[in-house]
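Colleague: The sequence shown stops at residue 343 when you use the UniProt record's numbering, and every number in between is there.
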Amino acid sequence: MAAEKLRDLSQPIDVALLDATVAAFYGTGSKEERAAADHILRDLQNIPDMWLQVVHILSSTQSLNTKFFALQVLEGVIKYRWNALPVEQRDGMKNYISEVIVKLSSDEASLRREKLYVSKLNITLVQILKHEWPARWRSFVPDLVAAAKTSETICENCMAILKLLSEEVFDFSRGEMTQQKIKELKQSLNSEFQLIHELCMYVLSASQRTELIRATLATLHAFLSWIPVGYIFESPLLETLLKFFPMPAYRNPTLQCLTEVAVLNFGDFYNVQYVKMYNIFMVQLQQRRQLHFIPKLVGVNILFFLPIRIFLRHMQMEAMKSRHLFRIWRCFSHHSLSLTYGC
Numbered sequence: 001m002a003a004e005k006l007r008d009l010s011q012p013i014d015v016a017l018l019d020a021t022v023a024a025f026y027g028t029g030s031k032e033e034r035a036a037a038d039h040i041l042r043d044l045q046n047i048p049d050m051w052l053q054v055v056h057i058l059s060s061t062q063s064l065n066t067k068f069f070a071l072q073v074l075e076g077v078i079k080y081r082w083n084a085l086p087v088e089q090r091d092g093m094k095n096y097i098s099e100v101i102v103k104l105s106s107d108e109a110s111l112r113r114e115k116l117y118v119s120k121l122n123i124t125l126v127q128i129l130k131h132e133w134p135a136r137w138r139s140f141v142p143d144l145v146a147a148a149k150t151s152e153t154i155c156e157n158c159m160a161i162l163k164l165l166s167e168e169v170f171d172f173s174r175g176e177m178t179q180q181k182i183k184e185l186k187q188s189l190n191s192e193f194q195l196i197h198e199l200c201m202y203v204l205s206a207s208q209r210t211e212l213i214r215a216t217l218a219t220l221h222a223f224l225s226w227i228p229v230g231y232i233f234e235s236p237l238l239e240t241l242l243k244f245f246p247m248p249a250y251r252n253p254t255l256q257c258l259t260e261v262a263v264l265n266f267g268d269f270y271n272v273q274y275v276k277m278y279n280i281f282m283v284q285l286q287q288r289r290q291l292h293f294i295p296k297l298v299g300v301n302i303l304f305f306l307p308i309r310i311f312l313r314h315m316q317m318e319a320m321k322s323r324h325l326f327r328i329w330r331c332f333s334h335h336s337l338s339l340t341y342g343c
C-alpha cells in the first residue's frame, strides 16, 4: 500500500512516507526491510516524472537523506534529459536551486548547519551549469560575483562553487561532455576570469574571516594551473600569497598555490618575477621561528648549492609540508639557477 501511494504521482508525493522509506533503507532494520525500501526507491527513480516532485520534497522534508535522494533523482535528469526539457522547467529548477543555495549560505549558522546539503546543492548547480552556461546563462559569473559581494558567508560558498566548476571543466570532464563543450566552457572561464581574479584579490586583501580566506586560497589553487600567467605575475597575487604563508591557518593552502605556480611552464619571460618570488619565499622561511621543522637557514646562496640529501636531512620537514616545500624549492632553484648561471 505504501509503495503504491508513493508511486502515484498524480498528486504531490507523501513526503512523510518517503522519509520513512528512506529511513528504512538507511536504518538498522532487517535485511528484508532494507531490500523492500531499496526496491521502492529504485522504482521511484525510474519514473520519468519523478523529478517534478523534487522541489516539493526539498521544501517539505527535514531529512538529509531524503534531500539527497531527491537531488539524486534530479541529477539523473540533468545528466541525461536536461536539454530536452521545456525552457520554463529548466529555468524554474535552475532558479530554485540557486535561491536555496543563497538562502542557506546567507548566514554563518545555516551554512555550518547545512554544510553537507549546501555542498550537494553546489554540485547540482554545477551539473546544471555544464548545460546552461555560457549559451543560456551568460550572466552566471557576473551574477555569482555580485552575490559574493553581499555577504562573507555567501562569498565563501561562491568560492566553493567556482572551485567545483574549475575542477569539473579541467579535471573531471572527460567522458561526460563533448570536446566542443569542454572547449567552450574553458574559453568562457578564461574570458571571464578577470572578474573571478578581482574577487579573489579583494577577499585576500580585505577579509579577516579565516574560513573565507581559506576557501579563496583553495579556489585559486584550482585555477592556477590553467589561467593566463599574466594574472599570476602581472598582479599582486604572488606577493599576497607570500604574505599568507607565515600564518599557520593559511600555510598549507598557500603552499599548495605556490607549488602550482612553481611547476608552471612559461619559458623565460617571467624569470625575474620568479626569482623575486623565490627570494621572498626563502626570507619567509628564515623568519618563521615557530616552524620548528625548519632549522635556521644560513642564506639563499648556500641553500642553492646544498646537495638534495643534506638539504632534506637538515630541513626535517613534516610529511605533507615537506613535499610541498621541497617541490617549491626544487622548482624555484631550477629557475633561479637558469637565470643566474645559464643552467
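Heads up, the beta-carbon is just placed ideally off N, CA and C, and yes, glycines get one too. None of these values were measured; they are calculated from a predicted model.
Excluding sequence positions up to five away, which residues of its chain have a Cβ less than 6 Å from the Cβ of valine 145?
Modeller: Contacts found: Leu195, Leu199.
Colleague: Give me, in chain order, the residues of the same chain whose beta-carbon lies closer than 6 Å to that of leucine 238; leave out the 5 immediate sequence neighbours on both sides.
Modeller: Closer than 6 Å at Cβ, skipping near neighbours: Met277.
Colleague: For a test of the three-state rule: what should DSSP assign to glutamine 62, helix, strand or coil?
Modeller: Looking at glutamine 62 - three-state DSSP - the assignment turns out to be coil, as it is neither helix nor strand.
Colleague: Near threonine 153, which residues of its chain fall below 7 Å by C-beta distance, leaving aside the five closest residues on each side in sequence?
Modeller: Within the same chain, threonine 153 has close Cβ partners Ser105, Ser106, Asp107, Glu108, Leu111.
Colleague: Are threonine 254 and leucine 241 touching if we call contact CB-CB under 7 Å?
Modeller: Going by C-beta atoms, threonine 254 is nearer than 7 Å to leucine 241.
Colleague: Of the choices Met282, Leu189, Ala218, Glu192, whose alpha-carbon is the least far from that of valine 203?
Modeller: Minimum Cα distance to valine 203 is reached at Ala218.
Colleague: What span of residues does the alpha helix (DSSP H) with glycine 230 cover, start to end?
Modeller: 230-233 is the extent of the alpha helix (DSSP H) around glycine 230.
Colleague: Scan the region 181-213 and note each continuous beta strand (DSSP E) run of 3 residues or more that stays entirely inside, going in chain order.
Modeller: Runs found: none.
Colleague: For alanine 215, which residues in the same chain have their Cβ closer than 7 Å to its Cβ, ignoring the five residues on either side in sequence?
Modeller: Contacts found: Glu156, Met159, Ala160.
Colleague: Suppose you measure from the CA of valine 100 to the CA of glutamate 4; what does that come to, to the nearest Å?
Modeller: Each residue's Cα considered, the two are about 30 Å apart.
Colleague: Under the three-state reduction of DSSP, which class applies to valine 126: helix, strand or coil?
Modeller: Three-state DSSP puts valine 126 in a helix.
Colleague: Are the region 124-138 and the region 163-183 in contact at 8 Å, needing three or more beta carbon pairs?
Modeller: The region 124-138 vs the region 163-183: in contact.
Colleague: Please state if the CB of serine 166 and the CB of alanine 222 are separated by a distance shorter than 7 Å.
Modeller: In this structure, serine 166 lies closer than 7 Å to alanine 222 by Cβ.
Colleague: Would you call the CB atoms of isoleucine 57 and valine 118 closer than 7 Å?
Modeller: Not closer than 7 Å, so no.
Colleague: With distance defined between alpha-carbon atoms, name the residue in Pro86, Glu88, Gly27, Asn95 nearest to threonine 66.
Modeller: Among Pro86, Glu88, Gly27, Asn95, the Cα nearest to that of threonine 66 is on Gly27.
Colleague: Okay, do the region 70-81 and the region 42-49 touch, 3+ Cβ pairs below 8 Å being the bar?
Modeller: The region 70-81 is in contact with the region 42-49.
Colleague: Taking glutamine 273 and phenylalanine 245 to be in contact with their CB atoms under 8 Å, please state how far apart those CB atoms are, rounded to whole angstroms.
Modeller: Their Cβ separation, rounded to whole angstroms, is 17 Å, which puts glutamine 273 and phenylalanine 245 out of contact at 8 Å.
Colleague: Is the CB-CB distance between aspartate 49 and leucine 9 below 7 Å?
Modeller: In this structure, leucine 9 lies closer than 7 Å to aspartate 49 by Cβ.
Colleague: Here's a check: name, in chain order, each residue in its chain whose Cβ is nearer than 7 Å to the Cβ of leucine 212, leaving out the five neighbours to either side.
Modeller: Within the same chain, leucine 212 has close Cβ partners Glu152, Cys155, Glu156, Val203.
Colleague: Quick one: what's got a C-beta closer than 7 Å to isoleucine 40's C-beta in the same chain, skipping five residues either side?
Modeller: If we look at isoleucine 40 and ignore the five residues flanking it on each side, its Cβ neighbours are Ala3, Leu6, Thr21.
Colleague: Within 10 angstroms of the Cβ of asparagine 95, are there 16 or more other Cβ atoms? Answer buried if so, exposed if not.
Modeller: It counts as exposed.
Colleague: Here's the rule: buried if 16 or more other CB atoms are within 10 angstroms of the residue's CB, otherwise exposed. What is alanine 24?
Modeller: Alanine 24 should be labelled buried.
Colleague: With H, G and I counted as helix, E and B as strand and the rest as coil, what does DSSP make of asparagine 95?
Modeller: It is helical.
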